[in-house]
Every structure is written in C-alpha cells, then in structure tokens.
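Novice: Quick one: the structure is below, questions incoming.
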Amino acid sequence: MIRSRFAAVLGVLLLFAGPAFALSSPSEMLANPVLEKRAEALGMQLRCVVCQNESIEQSNASLAQQFRGIIRRRVEEGWSDKRIIAWMVQRYGTFILLRPPFNPMTWLLWGAPALALLVGGAAVVLARRRHPTSPEPLSPAEQQRLADLLK
Amino acid sequence: MDAVARRRLLMLGPLGVAAVGSGVFWALLLRMRQGTYDPHALQSMLVGKHLPDFTLPGQAPSAGFSNADVNSGPLPALVNFFASWCIPCVEETAALMSLRQKGVTIWGIAYKDRPLAASGFLTRYGDPYHRVARDADGRTAINFGLYGVPETYVVDRSGIVRLRYAGGLSSDSVNHMILPLLRKLA
C-alpha cells in the first residue's frame with residue numbers, strides 16, 4: 000500500500016521533471032514565459048565556447064552565463080532568433096552552432112550516412128553478382144555417391 | 000592472381016588502414032606537443048578583418064584607448080587581453096616583456112578585472128603595455144570573439160587582424176610564431 004503510494008508520488012513528480020538547465024539563479028529567467036522559452040531554445044542550440052560540449056543553457060561557465068543574459072536581453076528587445084544566431088556566429092563562427100549547417104565544409108559530415116549506405120550496397124550487389132547464390136544441381140552420379148555416403 | 004594470393008592481399012587491407020591511421024595520429028600528437036596544434040583552439044572570425052569598434056576607459060595611470068587609437072598608432076601591433084586572476088597570464092608576462100624590449104607595441108586590455116587587482120598585477124609582474132584599458136564587463140571581448148584569457152591579436156600595418164593566439168605566450172611561441180609574423184608584416 001505504502002509502496003504503491005510512493006510509486007504514484009514518484010510518477011507524478013516525474014511528470015514535472017524537465018531538462019536540467021544551468022541558470023545560476025531563477026532571477027536570470029525572463030518574466031514572460033513565452034520569451035523565456037525562446038531564449039532557452041536559442042541557448043540550447045549554441046555551444047559554450049569554454050566547455051565545448053555543453054550548450055550555453057547547460058554550462059556553468061561565466062562566459063556562458065553572460066551569453067544567457069545577452070540572449071535574454073536581445074529576445075526582450077524583439078530581435079528575431081535568426082538575428083541573434085547571426086550575431087553569435089559573426090563573433091564566434093559556425094563552431095558555436097551545436098547543429099552544424101550544411102556547407103562546403105560539412106557536406107561530407109552530413110552525407111556520410113548516405114555515402115556509407117551507397118558503398119555498402121554496391122559492395123553487396125557486386126559480391127552477389129560474382130558468386131551466384133544457387134550452385135549447379137547434383138548430377139545423377141553425384142546423387143548416387145551422396146546416397147551411398149549417407150547410408 | 001590465384002585465390003590464395005588474393006585473399007592474402009585482402010588481409011593486408013585492414014593492416015594498411017591501421018598503419019595510415021596511426022601515422023596520422025602520431026603526427027597530430029607530435030604537433031600538439033610542439034604547441035603548433037591545439038584541438039580545443041577555435042578559429043577566430045576576426046582574422047582577415049579590422050578590429051571591432053571599441054572605446055575603453057584606461058587602467059590608471061594609463062589612458063584608455065579605442066580601435067582607432069590602435070590603428071593610428073605604431074603598426075604592426077599586438078592587442079593582449081589579460082586578467083590578474085588568470086594563471087597563464089602570469090606565465091606569459093616574461094614573453095610579453097621580451098617583446099616589449101624588442102620594440103613591439105602591445106596594447107593591453109584588462110578583462111573582467113578590478114582596477115586595484117589589475118594595477119597590482121602590473122607592478123608585480125611588469126608592465127609590457129603601450130597603454131592599458133579596462134574591459135570591466137567583457138563586452139568588448141565578446142565582440143573580439145574572445146573565449147578565455149589570455150588572448151593575443153596581431154594587427155598588421157593596414158589594421159587587419161592577422162593572427163589570434165589563445166593561451167599564454169611562451170618564449171617558444173614568441174620565437175616561432177609571433178616574431179616571424181611581425182617581421183613579415185613590418
């Protein structure tokens with residue numbers, strides 16, 4: 000009884016669990032929830048340049064904290080997402096985008112899965128063509144010999 | 000070619016791939032040890048461009064300066080971001096002083112530092128700077144694309160940034176990178 004109640008409480012709590020953000024204090028958040036959501040979404044797309052595999056939204060580095068503040072101010076000032084991202088890229092390059100854009104530098108990265116499928120498929124087709132799947136049927140003499148061996 | 004020879008040749012394939020791979024990794028590790036390759040280094044967007052616009056207050060007793068001051072001063076020049084709280088900044092002071100003694104103009108920017116702490120740093124480790132300004136909130140640094148201190152920017156005679164060096168300068172990096180570049184730009 001107690002255990003099932005505990006499970007129910009845990010289940011309800013899990014419903015409220017969201018991704019962890021590194022906002023140093025709730026005071027960093029914008030009062031307007033719609034704008035705050037936009038700022039969070041933007042921060043999740045941008046790489047923290049100090050701890051390079053974390054997003055700005057997740058990092059505790061002071062530079063990331065400063066970027067969170069800048070993004071929130073820009074969002075409040077009515078900048079579009081595109082303009083904010085462009086402002087960041089202009090200073091820090093496309094490296095700051097956690098999802099790299101498709102361009103002459105990255106076509107191999109994005110095309111690698113299709114390329115692997117193509118090469119693998121071609122290899123399979125070639126191997127099949129070289130070795131026909133079904134061998135010649137046994138001649139009567141061979142069949143006789145097989146029957147003798149299996150006796 | 001008979002089947003056995005062909006199979007042997009095929010078995011050499013993976014070995015060849017591994018050999019080429021280890022060669023590449025060995026070269027990378029070697030360059031990392033020499034300090035000519037840093038896997039964490041970011042490409043600077045400023046290289047090939049003019050300095051961003053800025054006007055910063057001075058770190059007393061020095062007067063402040065702007066990007067226009069750098070461009071109208073002696074060129075080529077270095078712009079160096081430092082902070083009293085940064086350990087590699089302490090380590091690079093010797094390299095910066097040696098550059099100063101060779102007559103190189105270095106503009107210093109104290110990044111997110113308190114005036115007293117920065118002046119203490121300069122008296123303790125020496126002041127290699129032509130002028131020292133304060134970027135107290137780090138906003139100018141963001142316009143440079145700075146991602147840590149120290150960082151050093153080399154500005155050529157027409158005011159174009161030619162190199163961004165992230166991390167503390169050593170006598171090695173000064174002798175093998177900064178000085179040859181400055182000689183080329185002079």
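Protein sequence lines, in the order shown, are assigned to chains A and B.
First residue of the first sequence? That's 0 in numbering that gives the first Met the number 0, and the numbers climb one at a time after it.
First residue of the second sequence? That's 0 in numbering that gives the first Met the number 0, and the numbers climb one at a time after it.
Using N, Cα and C, we set each Cβ at its ideal position, and we do this for glycine too.
With C-beta atoms as the reference, is R138 of chain B less than 8 Å away from F64 of chain B?
Specialist: No; because the gap between Cβ atoms is not below 8 Å, this pair is not in contact.
Novice: List the residues of chain B whose Cβ lies closer than 8 Å to the Cβ of V74 of chain A, in chain order.
Specialist: Chain B residues near V74 of chain A: none, gap ~17 Å exceeds 8 Å.
Novice: Which residues mark the beginning and the end of the alpha helix (DSSP H) in which R90 of chain A is found?
Specialist: 80–91
Novice: Buried or exposed for Q42 of chain B, going by 16 or more other Cβ atoms inside 10 Å?
Specialist: exposed
Novice: Hey, out of A:V123, A:D147, A:L45, whose CA is closest to I70 of chain A's CA?
Specialist: Between I70 of chain A and the set A:V123, A:D147, A:L45, the nearest pair of CA atoms involves A:L45.
Novice: Rounded to whole angstroms, how far is the Cβ of V89 of chain B from the Cβ of Y152 of chain B, which I believe are closer than 8 Å?
Specialist: Not a contact, Cβ separation roughly 20 Å.
Novice: Please identify, using Cβ separations under 7 Å, the residues of the segment 131–145 of chain B that lie next to chain A, in order along the chain.
Specialist: G137, I141, N142, G144
Novice: W106 of chain B lies in the beta strand (DSSP E); which residues open and close that run?
Specialist: 104–110
Novice: Against chain A, does H39 of chain B count as a neighbour if the rule is that its beta carbon must be under 8 Å from one of theirs?
Specialist: Yes, its Cβ sits closer than 8 Å to a Cβ of chain A.
Novice: How about L97 of chain A and Y146 of chain B: are their beta carbons less than 8 Å apart?
Specialist: no
Novice: Assuming F81 of chain B is part of the beta strand (DSSP E), what are its boundary residues?
Specialist: Counting along the chain, the unbroken beta strand (DSSP E) around F81 of chain B starts and ends at 76–81.
Novice: V48 of chain A lies in the alpha helix (DSSP H); which residues open and close that run?
Specialist: Counting along the chain, V48 of chain A falls outside any alpha helix (DSSP H), and DSSP gives it neither H nor E.
Novice: Suppose contacts are defined by Cβ-Cβ distances below 8 Å. Is L168 of chain B in contact with A94 of chain B by that definition?
Specialist: yes
Novice: Closest to M28 of chain A by C-alpha separation, out of A:E53, A:E75, A:G110, would be which residue?
Specialist: A:E75
Novice: Which residue or residues does DSSP assign as beta-bridge partners of P134 of chain B?
Specialist: In the sequence under discussion, the amino acid at residue 134 of chain B is Asp, which differs from the Pro named in the question. BP columns for D134 of chain B point to B:Y110.
Novice: What are the residues in the segment 89–103 of chain B lying within 8 Å of chain A by C-beta distance?
Specialist: none
Novice: Step through the CB atoms of chain B and report whether any lies within less than 8 Å of the CB of L107 of chain A.
Specialist: no
Novice: What first and last residue would you give for the beta strand (DSSP E) that runs through V160 of chain B?
Specialist: 160–165
Novice: Output, in chain order, the set of chain B residues within a Cβ distance shorter than 7 Å of Q51 of chain A.
Specialist: H39
Novice: Can you find a C-beta in chain B that's less than 8 Å from the C-beta of V48 of chain A?
Specialist: yes
Novice: I'd like the span of the beta strand (DSSP E) that includes E75 of chain A, first residue to last.
Specialist: Counting along the chain, E75 of chain A falls outside any beta strand (DSSP E), though it belongs to the alpha helix (DSSP H) covering 61–75.
Novice: Answer with buried or exposed for I86 of chain B, where buried requires no fewer than 16 other C-beta atoms within 10 angstroms of its C-beta.
Specialist: Exposed: under 16 other Cβ atoms inside 10 Å.
Novice: Measuring only between beta-carbons, confirm whether R90 of chain A sits less than 8 Å from chain B.
Specialist: yes
Novice: From what residue to what residue does the alpha helix (DSSP H) around V153 of chain B run?
Specialist: Counting along the chain, V153 of chain B falls outside any alpha helix (DSSP H), though it belongs to the beta strand (DSSP E) covering 150–154.
Novice: Going by the beta-carbon positions, is the gap between E182 of chain A and E35 of chain A smaller than 8 Å?
Specialist: Here chain A comprises residues numbered 0 to 150, so residue 182 of chain A is not present and cannot be evaluated.
Novice: Can you grab the Cα-Cα spacing for the pair A62 of chain B / Y128 of chain B, in whole Å?
Specialist: Spanning the two alpha carbons is a distance of roughly 11 Å.
Novice: Just to confirm before moving on: does the CB-CB distance between G107 of chain B and L45 of chain B stay below 8 Å?
Specialist: no
Novice: Quick one: does F101 of chain A have its CB under 8 Å from some CB of chain B?
Specialist: no
Novice: Contact criterion: CB-CB distance below 8 Å. Does Q33 of chain B meet it with respect to chain A?
Specialist: It does not; no Cβ of chain A falls within 8 Å.
Novice: Expressed to the nearest angstrom, what Euclidean distance is found between the alpha-carbon atoms of A124 of chain B and T93 of chain A?
Specialist: Checking the displayed sequence, the identity of residue 124 of chain B turns out to be Tyr instead of Ala. C-alpha separation (whole angstroms): 37 Å.
Novice: Run through DSSP, which three-state label would F64 of chain B get?
Specialist: Here F64 of chain B sits in strand by DSSP.
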